[in-house]
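Step one of this worksheet: look at the structure below.
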Amino acid sequence: MADVTLSIAGHNYTVSCRDGEEAHLRDLGQMVDNKTEEARGAVGETLGESRMLLFAALLLADEVADLRENGGDDEVTSRVEA
């Protein structure tokens, strides 16, 4: 197992993953961090950390829902459902 430190919304989180998956996990962490910044920009700096992470999760879930509704790639859809 490998440990990766992700910086999300100005906080560092150490997460474990399988050896060799570190780069992928960093990419996912960057996606989440980008969504937290998008959420902050949409509703302002007044969001607490948990609210900001909630909004980031909702933004990501909305993207997944759009993929499903618009006949997105079957492989992407099946991987999300797994």
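Numbering (our numbering), first residue to last: 1 to 82.
For glycine and all other residues, C-beta sits at the position ideal for the given N, C-alpha and C.
Item: With the cut-off set at 8 Å, would you say H11 and E49 are in Cβ contact?; Value: yes
Item: Can you pull the DSSP bridge partners for L6?; Value: Y13
Item: For G71, name the three-state secondary structure that DSSP assigns.; Value: coil
Item: Using CA atoms only, rank isn't needed, just tell me which of L59, D27 and E45 is closest to L6.; Value: D27
Item: Could you name the residues of the same chain whose beta carbon sits closer than 8 Å to that of G44, not counting the 5 residues immediately before and after it, in chain order?; Value: none
Item: Determine the burial state of T46: buried for a count of at least 16 other Cβ atoms within 10 Å of its Cβ, exposed for fewer.; Value: exposed
Item: What does the Cβ neighbour count give for T14, buried or exposed, with the cut at 16 atoms within 10 Å?; Value: exposed
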